[in-house]
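Participant:
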Amino acid sequence: MKHLATILSIVATSVIAIACSDSDDNAAKNDNLIDIGDGESIELTEEYYAGGVLGTVFNNTASAYEQPTPATEQGGFSQAFQNGEYLFERDFNQNKDGAFKGLGPVYVRNGCIYCHPGYGHGKRQTEYRASTHGNGYLLVIYDKQTEAYIKSVAGMPQTMAVQPFKAPVDESLIHIEWKDYTDEWGNRFPDGETYALIYPEVTIPQEAFYAPIIVTRGGQNVEVSIDEIGVKLESTIGVYGTGLLDAIPDDEITAQWEKESDYFNSIGKTDALNPAYWDQANKQWVSYYKGLTGVNYVRRYTYAMSRGPLLDAAGANAIWNITNVTRSDRRYHYLDLNYRTRPSPTMQRSHRKTPRCRLSSTTTSPNGTRQATWRRTSTTT
Ligand code: HEC
Numbered sequence: 001m002k003h004l005a006t007i008l009s010i011v012a013t014s015v016i017a018i019a020c021s022d023s024d025d026n027a028a029k030n031d032n033l034i035d036i037g038d039g040e041s042i043e044l045t046e047e048y049y050a051g052g053v054l055g056t057v058f059n060n061t062a063s064a065y066e067q068p069t070p071a072t073e074q075g076g077f078s079q080a081f082q083n084g085e086y087l088f089e090r091d092f093n094q095n096k097d098g099a100f101k102g103l104g105p106v107y108v109r110n111g112c113i114y115c116h117p118g119y120g121h122g123k124r125q126t127e128y129r130a131s132t133h134g135n136g137y138l139l140v141i142y143d144k145q146t147e148a149y150i151k152s153v154a155g156m157p158q159t160m161a162v163q164p165f166k167a168p169v170d171e172s173l174i175h176i177e178w179k180d181y182t183d184e185w186g187n188r189f190p191d192g193e194t195y196a197l198i199y200p201e202v203t204i205p206q207e208a209f210y211a212p213i214i215v216t217r218g219g220q221n222v223e224v225s226i227d228e229i230g231v232k233l234e235s236t237i238g239v240y241g242t243g244l245l246d247a248i249p250d251d252e253i254t255a256q257w258e259k260e261s262d263y264f265n266s267i268g269k270t271d272a273l274n275p276a277y278w279d280q281a282n283k284q285w286v287s288y289y290k291g292l293t294g295v296n297y298v299r300r301y302t303y304a305m306s307r308g309p310l311l312d313a314a315g316a317n318a319i320w321n322i323t324n325v326t327r328s329d330r331r332y333h334y335l336d337l338n339y340r341t342r343p344s345p346t347m348q349r350s351h352r353k354t355p356r357c358r359l360s361s362t363t364t365s366p367n368g369t370r371q372a373t374w375r376r377t378s379t380t381t
């Protein structure tokens with residue numbers, strides 16, 4: 001089957017990577033392979049429709065990853081798509097009413113688009129600034145001994161705050177250094193061509209933390225020194241095509257795992273599929289993604305393929321925990337209670353002029369998220 005398209009572009013669910021070569025010959029071969037024409041009408045063969053005819057769109061402009069698929073439009077979801085775009089692209093604010101209200105008291109970003117620029121993934125950063133468009137980093141601050149998140153900042157640590165609150169981490173002190181890396185092949189392809197690799201090393205000094213650093217070890221909360229914690233950066237993944245993934249029924253995803261189990265079992269590779277998720281021998285799920293609603297879902301999102309459907313996982317959750325905007329089904333904040341229950345002497349000194357607030361009551365919600373009520377206490381000037 002052949003289809004006519006005016007311009008080429010992106011495929012909603014898949015990305016094709018073509019390795020480049022210095023040789024003109026190879027370059028010419030590659031050009032033939034992915035010839036996208038001259039921007040005028042060209043005919044495309046079926047394989048270009050990697051997301052299916054209804055799931056593949058053609059656009060080679062800067063908005064390539066932002067448009068609805070034919071399935072969205074033909075299914076009558078154009079308005080819903082635009083509503084979603086609106087929520088994704090706008091900044092939330094501190095107002096008590098009106099559109100996009102309720103930001104804070106502490107928050108990770110003003111909105112989604114900061115971390116998913118153009119609906120894609122983030123750009124490499126040499127500093128961590130929550131207001132930089134394209135900074136797709138989430139901080140992962142962990143206990144080196146247990147590898148678990150530290151307790152005294154939220155799992156997704158906030159570096160922004162609405163006055164008079166202070167952010168748990170002062171982002172201006174976060175240091176990102178890019179270092180050279182040599183891999184096991186000495187950064188060299190078999191044909192002799194070399195390549196360079198870099199990786200980030202992130203450090204946060206003690207004075208960047210607003211409260212003492214607390215970790216949980218053996219069920220106890222323990223205060224630790226800065227040397228006992230590490231920092232990683234988690235970067236964004238593009239969100240284009242996630243609606244199409246959401247449309248796949250759980251049963252069909254399970255059927256695919258069964259099919260792959262049959263294949264790997266038949267060739268004697270009995271440990272091919274992730275044992276934390278799936279029992280390859282008995283062909284059944286070992287664990288599900290349990291959303292905040294308590295329902296079990298088959299996993300399908302994130303790099304680790306660890307999360308369930310958009311409306312109860314990455315996406316719907318982000319609106320709440322990135323901005324800290326509460327809503328009718330989540331009447332509590334995303335934050336950690338160690339923050340501000342014990343003021344750090346260092347921060348007390350350096351923020352003397354800041355009105356201080358503390359938590360006046362805390363409870364634990366059914367899903368284990370701690371809830372807090374904030375009360376302004378006094379100024380320390
Ligand atoms: C602080 C940066 C940040 C912000 C802001 C952010 N995200 Fe993400 N998002 C991430 C990261 C990092 C991942 C990848 C997580 C992983 O793979 O474990 C991700 C993954 C996702 C995914 C899963 C994509 C996939 O293919 O698996 C969706 C959907 C998503 N985000 C939607 C949103 C929405 C909607 C918003 C706004 C309400 C938002 N994100 C705001 C950092 C961010």
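Read in the working numbering, the sequence shown has 109 at position 109, and its numbers run on one by one without any break.
Ideal placement from N, C-alpha and C gives every residue a C-beta, glycine not left out.
Since the model is a prediction, treat every value here as computed from it, not as a measurement.
1. Are there any heavy atoms of the ligand HEC lying less than 7 Å away from the beta-carbon of V202, as far as the coordinates show?
2. Would DSSP call W257 helix, strand or coil?
3. Classify A161 as helix, strand or coil using the three-state DSSP reduction.
4. Taking C-alpha atoms, which residue in G268, H175, K259, S306 lies nearest to V231?
5. With 16 as the cutoff for other CB atoms within 10 Å, does N399 come out buried or exposed?
6. Looking only at its chain, what residues have a beta carbon closer than 8 Å to the beta carbon of S225, apart from the 5 residues adjacent to it on each side?
7. Name, in chain order, the residues that DSSP records as bridge partners for V298.
8. Is the beta carbon of C112 less than 8 Å from the beta carbon of A318?
9. Give a single yes or no on whether F189 has its beta carbon closer than 7 Å to a heavy atom of the ligand HEC.
10. Which residues are close to the ligand HEC, meaning CB closer than 6 Å to any heavy atom, in chain order?
11. Relative to the C-alpha of G134, which residue among S261, E223, R109, C115 is closest?
12. When the Cα atoms are used, what is the spatial distance from Q348 to P249?
13. Beta-carbon separation of T69 and L244 under 8 Å?
14. So what's Q74 in DSSP terms, helix, strand or just coil?
15. Whole-angstrom Cβ separation of N324 and G104, contact assumed at under 8 Å?
16. Hey, A154 and D336 are a contact pair by Cβ (cut 8 Å); roughly how many whole angstroms apart?
17. What three-state label does DSSP hand Y149 in the structure shown?
18. Measure how close the beta-carbons of D171 and T159 come, nearest whole angstrom, since I'm counting them as under 8 Å.
19. Tell me which same chain residues have a C-beta within less than 6 Å of the C-beta of E234, skipping the five on either side of it?
20. Count the other C-beta atoms from every protein chain shown that fall within 10 angstroms of the C-beta of D96, then say buried if there are 16 or more, exposed otherwise.
21. Please look up how many angstroms separate the CB atoms of S261 and Q280, rounded, as I've assumed it's under 8 Å.
22. Please state the DSSP three-state secondary structure of E223.
23. Skipping 5 residues on each side, what residues in its chain have a beta carbon closer than 8 Å to that of T270?
24. Can you tell which of F88, V286, S328 has its C-alpha closest to the C-alpha of T254?
Facilitator: According to the structure shown:
1. The residue given as residue 202 occupies position 202 in the sequence shown. No.
2. By 1-based counting over the sequence shown, the position of residue 257 is 257. In this structure, W257 counts as helix in the three-state DSSP scheme.
3. Here the question's residue 161 lines up with position 161 in the sequence shown. In this structure, A161 counts as strand in the three-state DSSP scheme.
4. Your numbering for residue 231 matches position 231 in the sequence shown. Among G268, H175, K259, S306, the Cα nearest to that of V231 is on H175.
5. This structure cannot speak to residue 399, because the chain is shown only from 1 to 381.
6. Taking the sequence shown and counting its residues from 1, one reaches residue 225 at position 225. Once the five neighbours on either side are set aside, the close Cβ partners of S225 are Q206, I213.
7. Position 298 of the sequence shown holds residue 298. In DSSP, V298 forms no bridge with anything.
8. Working through the sequence shown from its first residue, we reach residue 112 at position 112. Working through the sequence shown from its first residue, we reach residue 318 at position 318. In contact: C112 and A318 (Cβ atoms closer than 8 Å).
9. The residue you call residue 189 lines up with position 189 of the sequence shown. No, since every heavy atom of the ligand HEC falls outside the 7 Å radius drawn around the Cβ of F189.
10. F88, V108, R109, C112, Y114, C115, H116, G136, L138, E234, S235, T236, I237, V239, T242, Y301, T302, Y303, A304, L310, A314, G315, A318, I319, I322
11. Translated into the one-based positions of the sequence shown, residue 134 becomes position 134. The shortest Cα separation from G134 among S261, E223, R109, C115 belongs to C115.
12. Residue 348 sits at position 348 when you count from the first residue of the sequence shown. Residue 249 sits at position 249 when you count from the first residue of the sequence shown. Only weak support is given to the placement of Q348: the predicted model assigns it a pLDDT of 43, under 50, and the value that follows is read from those uncertain coordinates. Their backbone Cα atoms lie some 53 Å apart in a straight line.
13. Stepping through the sequence shown from its first residue, residue 69 is reached at position 69. Stepping through the sequence shown from its first residue, residue 244 is reached at position 244. Yes.
14. Locating residue 74 in the sequence shown gives position 74, where the first residue counts as 1. Looking at Q74 - three-state DSSP - the assignment turns out to be helix.
15. Within the sequence shown, the letter at position 324 stands for residue 324. Within the sequence shown, the letter at position 104 stands for residue 104. Rounded, the Cβ-Cβ distance is 6 Å, consistent with contact.
16. Counted from its first residue, the sequence shown places residue 154 at position 154. Counted from its first residue, the sequence shown places residue 336 at position 336. The pair is a contact, with the Cβ atoms about 5 Å apart (cut-off 8 Å).
17. Mapped onto the sequence shown, residue 149 falls at position 149. The answer is strand: DSSP assigns Y149 an E or B state.
18. Taking the sequence shown and counting its residues from 1, the one referred to as residue 171 is at position 171. Taking the sequence shown and counting its residues from 1, the one referred to as residue 159 is at position 159. It is worth fixing the name first, because residue 171 is Glu in this sequence and not Asp. Between T159 and E171 the Cβ distance is about 4 Å, and since that is below 8 Å, they are a contact.
19. Translated into the one-based positions of the sequence shown, residue 234 becomes position 234. The residues are L138, V140.
20. Taking the sequence shown and counting its residues from 1, the one referred to as residue 96 is at position 96. Here the sequence assigns Lys to residue 96, which means Asp is not the residue at that position. Counting Cβ neighbours within 10 Å, K96 comes out exposed, since fewer than 16 surround it.
21. Locating residue 261 in the sequence shown gives position 261, where the first residue counts as 1. Locating residue 280 in the sequence shown gives position 280, where the first residue counts as 1. The pair is a contact, with the Cβ atoms about 5 Å apart (cut-off 8 Å).
22. Counting from one through the sequence shown, the residue named residue 223 turns up at place 223. If DSSP states are grouped into helix, strand and coil, E223 belongs with the strands.
23. As a working note, residue 270 is residue 270 in the sequence shown. Correct list, in chain order: F264, Q280, A281.
24. Counted from its first residue, the sequence shown places residue 254 at position 254. Here the closest residue by C-alpha is V286.
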